[in-house]
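See structure below.
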Amino acid sequence: MARILTGIQSSGRPHLGNILGAIKPAIELSKNPQNESFFFIADLHSLTTLKNGEERGEYVRAIAATWLAFGFDYQKNVFWRQSRVQEHTELAWYLNCFTPFPMLANATSFKDKSEKLADVNAGLFTYPVLQAADILLYNANIIPVGKDQKQHLEMSKDIANRFNILAGEEILVLPEPQIDERIMTIPGLDGQKMSKSYHNYIDIFLPENELKKITKKILSDSKQLEEPKDPDNDITFQLYSLVASETDVETMRQNYLNGGYGYGHAKQALFECFLEVFAEPRRIFNYYMENTEELEGILDAGEAKAREIAQDTIGKVRKVLGFSS
Ligand code: ADP
Ligand code: TRP
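Numbering (my numbering), first residue to last: 240 to 564.
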């Protein structure tokens, strides 16, 4: 039995890139009866960049509703918000004291963020330690993440190892990242990686008219309707290939190559495909966003399950460190 664990920061509403690149593949893994999955909302991590509490609450609900919309089985697995299990912050403090300063100073994601952001706070700096605590609290074995998280996972292992050496036994389980190289980087409206930081993302849960508007904004070249077009170098076609059926993709490819088919037609087809393919997730998402008490109830129940395991680990850690009575 493998324990899978992953978290998504509540720093925005989930977009098509998060869904196809992280949420759906993690849900697929969780369907294996051999696996037990721990998926949480990293709302403490989001505080490093987002200070507004109302917005955070909204994003936490949107992320939770997205996991549910794509069929995450919260009853079989564990599903909670990080901030509600205080052992995350407690363990993070202990682990801070096992983390060499240069290890954090050399983290590429910290370097990137500190160049881009105006607010370079200490939370951004110790971000990987809180992430290590998230993982190590639950004895997780496999951590599905994007390529950008590889270094953070190496740090988690390194920190756990330092603690275990002091303890003289393997109190903290060493996690392994699972980075699926086959998962492509989903392009955004402008062809760069779809990301909330680039404001080029598609929110598939938008109301129909807004989703249509955003789909029309996908960048295309200036070829005229009658001209043949290159499907492999077009963002609309790339996105369509990620969501439509094989036969529909083939039909669109032929339309591009033949000419007489404009980018406007392709965008309309993509929009209609979003509505069709995501009809059920859109319905479930809207249901939970309107029934927030039910959604919070699901997270509360998950929190209780998470806390039980977290308390067990923290008890062992306190004992090693001489903090237990
Ligand atoms: P963003 O870049 O919008 O801030 P995050 O960094 O919060 O997204 O990513 C959350 C998860 O979604 C990560 O596991 C990340 O690898 C995945 N993800 C984000 N954008 C994409 C994308 N364009 N293509 C594939 N996966 C993505
Ligand atoms: N840092 C991760 C990201 O930005 C989110 C995260 C926080 C996470 N804690 C985690 C991922 C623990 C995996 C395991 O995508």
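Idealized CB from N, CA, C, for every residue including glycine.
TODO: Please work out which residues of its chain come closer than 6 angstroms, Cβ to Cβ, to I548, disregarding the five sequence neighbours upstream and downstream, and give them in chain order.
DONE: Along the sequence shown, one-based indexing puts residue 548 at 309. So the qualifying residues of the chain are Y377.
Open item on the list: Let me check understanding here. Comparing Cα to Cα, which of T288, R242, T287 lies closest to Q273?
Closed with: What you label residue 273 is simply residue 34 of the sequence shown in a count that begins at 1. Looking at the Cα atoms, R242 is the closest of the given residues.
TODO: Tell me whether H254 counts as near the ligand ADP, meaning its Cβ is closer than 7 angstroms to at least one heavy atom of that ligand.
DONE: Counting from 1 along the sequence shown, the entry for residue 254 is found at position 15. Yes, Cβ of H254 sits closer than 7 angstroms to a heavy atom of the ligand ADP.
- [ ] May I ask you to report which of helix, strand or coil DSSP gives K315?
- [x] The count along the sequence shown starts at 1 and reaches residue 315 at position 76. Of the three classes helix, strand and coil, the one that applies to K315 here is coil, per DSSP.
Open item on the list: Less than 8 angstroms between the C-beta atoms of T305 and F524, yes or no?
Closed with: Translated into positions along the sequence shown, residue 305 becomes position 66. Translated into positions along the sequence shown, residue 524 becomes position 285. Cβ distance < 8 angstroms, so T305 and F524 count as in contact.
Open item on the list: Which residue marks the beginning of the alpha helix (DSSP H) containing T552, and which one marks its end?
Closed with: Your numbering for residue 552 matches position 313 in the sequence shown. Taken as a continuous stretch (DSSP letters only), the alpha helix (DSSP H) holding T552 covers 531-560.
Open item on the list: Less than 8 angstroms between the beta carbons of R210 and D282, yes or no?
Closed with: Only positions 240 to 564 of the chain appear in the structure, and residue 210 is not among them; the question remains open.
Open item on the list: With three or more C-beta pairs closer than 8 angstroms as the rule, is the region 425-439 touching the region 364-378?
Closed with: no
Task: Endpoints, the beta strand (DSSP E) within which E275 is located - done: Here residue 275 refers to the residue found at position 36 when the sequence shown is read from its first residue. 274-281 is the span of the beta strand (DSSP E), which, as asked, contains E275.
Open item on the list: Within the continuous beta strand (DSSP E) that includes E408, where are the two ends?
Closed with: Start at 1 with the first residue of the sequence shown, and residue 408 comes out as number 169. No beta strand (DSSP E) holds E408; DSSP gives it neither H nor E.
Open item on the list: Does the region 374-389 come into contact with the region 413-420, if we say contact requires no fewer than three beta-carbon pairs (one atom in each stretch) closer than 8 angstroms?
Closed with: yes
Task: Beta-carbon separation (whole angstroms), I302 vs S249, contact threshold 8 angstroms - done: Residue mapping note: residue 302 aligns to position 63 of the sequence shown, counting from 1. Residue mapping note: residue 249 aligns to position 10 of the sequence shown, counting from 1. Their Cβ separation, rounded to whole angstroms, is 6 angstroms, which keeps I302 and S249 in contact under 8 angstroms.
- [ ] For G260, I'd like the list of residues in its chain whose CB is within less than 6 angstroms of its CB, leaving aside the five on either flank, ordered along the chain.
- [x] Position 21 of the sequence shown, counted from the first residue, corresponds to residue 260. I422, I425.
Task: Start-to-end residues for the alpha helix (DSSP H) that takes in I266 - done: Counting from 1 along the sequence shown, the entry for residue 266 is found at position 27. Looking at the DSSP string, the run of the alpha helix (DSSP H) that includes I266 is 263-269.
TODO: Could you pull out every unbroken beta strand (DSSP E) segment of at least 3 residues lying fully inside the region 354-427, listed in chain order?
DONE: 381-383, 415-417
Task: Sequence ranges, beta strand (DSSP E) only - wholly within the region 290-351, length at least 3 - done: 317-320
Open item on the list: Using a 10 Å radius around the Cβ and a threshold of 16 neighbouring Cβ atoms, would you call L369 buried or exposed?
Closed with: Counting from one through the sequence shown, the residue named residue 369 turns up at place 130. L369 is buried by the Cβ-count criterion.
Open item on the list: Here's the rule I'm using: 16 or more other beta-carbon atoms within 10 Å means buried, otherwise exposed. How should R522 be labelled?
Closed with: The residue labelled residue 522 in the question sits at position 283 within the sequence shown. Per the 10 Å Cβ criterion, exposed.
Task: Cβ contact (3+ pairs, closer than 8 angstroms) linking the region 450-458 and the region 494-512 - done: yes
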